[in-house]
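Numbering-wise (the working numbering), the sequence shown opens with residue 30 and increments by one.
Note sheet for the following structure.
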Amino acid sequence: MAKIPFGPTYEEMLHPEKMPQDIREKALQAKESNELDPINLFNITWKDESGQVRKVVLPKELTGTEANIVVMLGKYFPSGSHKVGPAYATLIEGCVDGDILPGEHTILGPSTGNFGIGVSYICNLMGYEAVVIMPDNMSKERYDRIRQYGAKLDLTPGTESDVILTLQRTYELKKDPKNRPLAQFELMPNYRFHRYVTGNSAVEAVQGIGNGRIACFTSAPGSAGTIAAGDQIKQVFPEAKIVALEPYECSTLADGGRGQHRIEGIGDKMCTLIHNVNTTDFVALIPDDDAVRGLKVTQDGAAILQEMGVSEEQALALRDLFGVSGICNILGAIKMAHYLRLGPEDNVVTIATDGFDRYPSVLEDLERRYLETEAFVLRRWAKDIFLSKNTDHVYDFRDVQAKQQLYRQKEKDWLPFGYSQAYLDDMRTPEFWQREFGKIQDYDREILRLR
Ligand SMILES: Cc1ncc(COP(=O)(O)O)c(C=O)c1O
C-alpha cells in the first residue's frame, strides 16, 4: 500500500462528514479491517459513523451527584487513544512548514506512553522512521504497542514524574540534524488540535443533556494538550470552569509539590509550555490509588455497581472504557460537581484518554499490593471513592495574584530549555493564544492544497 503523506484537516477531524464521501467510507471500512492502512488517518476524530461524539453519561448511582458527568471516549481513536490526534497534527504541520521531509528525517516522540504509541502509529502510516523516548517504568502494554507499530524505543530512567529526563534526552538527540522532535509539551499543534477538535466536540457532546451547556470541564494535564479544549468551551459557554487535575502525590501546579505516583500520562512535575494557565480556574488533587482502585471497580465490579442501583446494562457497558487517568478525570469531575454545587441541569465534561486495554498489568499489580479484592473490598472502594462527596484539595486560581504562581512555575520549567522571558511574558496575554489558534485556517488550506 502506497503511503499517503497527507491526511485530514482540522476541520475534517472535527466534522468528518465534510470529508470527500469516498474517503470517509474507505476510512470507516479500514478501521475494521486493517488498522495499518494509511487511510485510517481520516479516522482521527471524536465522532462515530453517524457523526455523534463518542461518550458516556455516567449513572448517577455511581457518581453520587445530580449533575450530569459526560465522559468523552478516546479509546475509539486509531491506535486506541486520542493522543494520536496531537501526534498527527504536529507531524502534518511540520510537513506543511517544509520542516519534516519523508525519507530524510527521523521523528522523535518524547512521551510517557500514549503519545509515543500515537507517534509510532502515525509514522508507520505516513512512512517515517520514529524513535519514542520514554521512562523505563511505565505499564508494559505501552512498550509492546510502540514496538508493534514499528518505532524504536529510547528509554530514560524512572516513571511518569521523571518525564523531564525524556525532555533532556530529546534535546540531546535533537542536535543531530536528521532528527525532528514532535515536542508535545512545547509545540502548538497539540494546543490547536485540542482547542479546535476536542473543544468543539465537547460543545456538541452535551447537546440534549441537561441545559445543553458546559458548567465545568476537568482534565488532568500530561502535556496539557487536552485541557486546551477548555479555551474553546469558554468561548461558547463563558461561565464554564476549567479545572486541571493532579495526583495528590505530585501537586506541582497546586503548590509546587513533586513526587512519584501511579497515574500514567499525567502529573509530569511541570507546567508545560503549551498550558494556557490564563484560562485554568481551579486545580484539584486526586489520590493516585483512588484512580487505580476506581478502575478496578468499573472494570470488575459490575455486581457491586448493580447493588448501588446501576442497571446491569449500564454497569457492563462501563467495562473497558477507561484507563487510570480516565478514572482520575471522572473523580475530578465528581469532586467539582460537589464543590460548585451543580444540579441536574448542569453538565460536567471530562475525557477518558484511552481504554482498559493498556492497563491489565496495572490491575495485576493492584492485586499483588492489596492481596484481597473480594466483593466486600470492592463495595467499600466504590462507596469511598465515588460516593464520598469529598471536596478537599481544590485550589482556586481565578485571581490574577494566584495565577502568578503558575506563571512562575512555567518560567522555572522552561527558561532552562532556552525559551526567552519575552516569549513567556507574551504567553501571559490572551492575544498570544488567539494568534496561535488562528493559524488553523492557514494549515487547513495548505493541507488541502498539498493533498
Ligand atoms: C493516559 C493519559 N491520560 C492523560 C494524558 C494527558 O493528556 P494531555 O497530554 O493532553 O494533557 C495522557 C498524555 O499522554 C495520557 O497518556
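In this text, a Cβ means the ideal position worked out from N, Cα and C, and glycines have one as well.
Straight-line CA distance for Gln470 to Ile333? 49 Å
From Thr281, Arg478, Phe446, Arg409, pick the residue whose C-alpha is nearest to that of Tyr424; which is it? Thr281
Taking 6 Å as the limit between beta carbons, can you name the residues of its chain near Val306, skipping five residues before and five after? Leu435
Any heavy atom of ligand 1 inside 7 Å of the beta-carbon of Asn143? yes
At a cut-off of 7 Å, would you count Ala159 as near ligand 1, judging by its Cβ distance to the nearest heavy atom? no
Considering only residues of the same chain and omitting the five flanking positions on each side of Leu453, which have a CB-CB separation below 8 Å? Tyr436, Lys439, Glu440, Trp443, Leu444
Could you check whether the Cβ of Pro250 sits closer than 7 Å to any heavy atom belonging to ligand 1? yes
Among the residues of its own chain, which have a CB less than 6 Å from the CB of Pro107, if the five just before and after it don't count? Asn69, Asn72, Val113
Report buried or exposed for Phe311, applying the criterion of at least 16 other Cβ atoms within 10 angstroms of its Cβ. buried
Taking DSSP as the reference, what is the three-state secondary structure of Cys279? coil
Would the C-beta of Ser168 count as close to ligand 1, meaning under 7 Å from any of its heavy atoms? no
Reference Thr227, options Gln430, Tyr39, Asp473, closest by Cα: Tyr39
Within the continuous alpha helix (DSSP H) that includes Lys439, where are the two ends? 429-443
Taking only beta-carbon atoms, is Ile262 less than 8 Å away from chain D? This model lacks chain D altogether; it includes just one protein chain.
Would you kindly report the start and end of the unbroken beta strand (DSSP E) that includes Ser248? 245-248
Using DSSP with H/G/I as helix, E/B as strand and the rest coil, what is Phe426? coil
Identify whether Ser110 lies in helix, strand or coil by the three-state DSSP scheme. strand
How about Leu407 and Lys468: do their beta carbons lie closer than 8 Å? no
Sort out for me which residues DSSP pairs Val312 with in a bridge. Ala273, Tyr424
With H, G and I counted as helix, E and B as strand and the rest as coil, what does DSSP make of Ile380? strand
Tell me whether Leu263 sits in a helix, a strand or coil according to DSSP, three-state version. The sequence given here has Lys at residue 263, not Leu. Lys263 falls in the helix class under three-state DSSP.
Name the residue from Leu184, Leu479, Thr199, Leu345 whose alpha carbon lies nearest to the alpha carbon of Gln213. Thr199
Just grab the DSSP bridge partners of Gly138 for me. Val161
Is the beta carbon of Asp317 closer than 8 Å to that of Arg348? no
With respect to the alpha helix (DSSP H) encompassing Leu479, which residues constitute its N-terminal and C-terminal limits? 469-479
Excluding sequence positions up to five away, which residues of its chain have a Cβ less than 7 Å from the Cβ of Asn153? Leu65, Tyr178, Gly179
Just to confirm before moving on: does the CB-CB distance between Ile356 and Gly330 stay below 8 Å? no
Which residues DSSP lists as bridging Ile98, in chain order: Val377
Suppose the cutoff is 8 Å on Cβ atoms and the five residues either side in sequence are ignored; what does the same chain contact list for Arg53 look like? Pro45, Glu46, Phe71
Tell me whether Ile256 counts as near ligand 1, meaning its Cβ is closer than 7 Å to at least one heavy atom of that ligand. yes
When burial is assigned at 16 or more other CB atoms within 10 Å of the CB, is Ser354 buried or exposed? buried
Between the Cα of Gln81 and the Cα atoms of Trp462, Leu43, Leu91, which residue gives the shortest distance? Leu43
Using a Cβ-Cβ cutoff of less than 7 Å, which residues in the same chain neighbour Ala31 once the five nearest sequence positions on both sides are dropped? Low local confidence applies: a pLDDT of 40 at Ala31 is under 50, so the model's placement there is unreliable, with the coordinate-based value given in what follows. Nothing meets the Cβ criterion.
Leu369 beta carbon less than 8 Å from that of Lys270: yes
Taking buried to mean at least 16 other C-beta atoms within 10 Å of its own C-beta, is Asp128 buried or exposed? exposed
Please report the straight-line C-alpha distance between Ile33 and Gly259, rounded to a whole angstrom. Annotation note: pLDDT 48 at Ile33 (below 50); position unreliable, no value reported.
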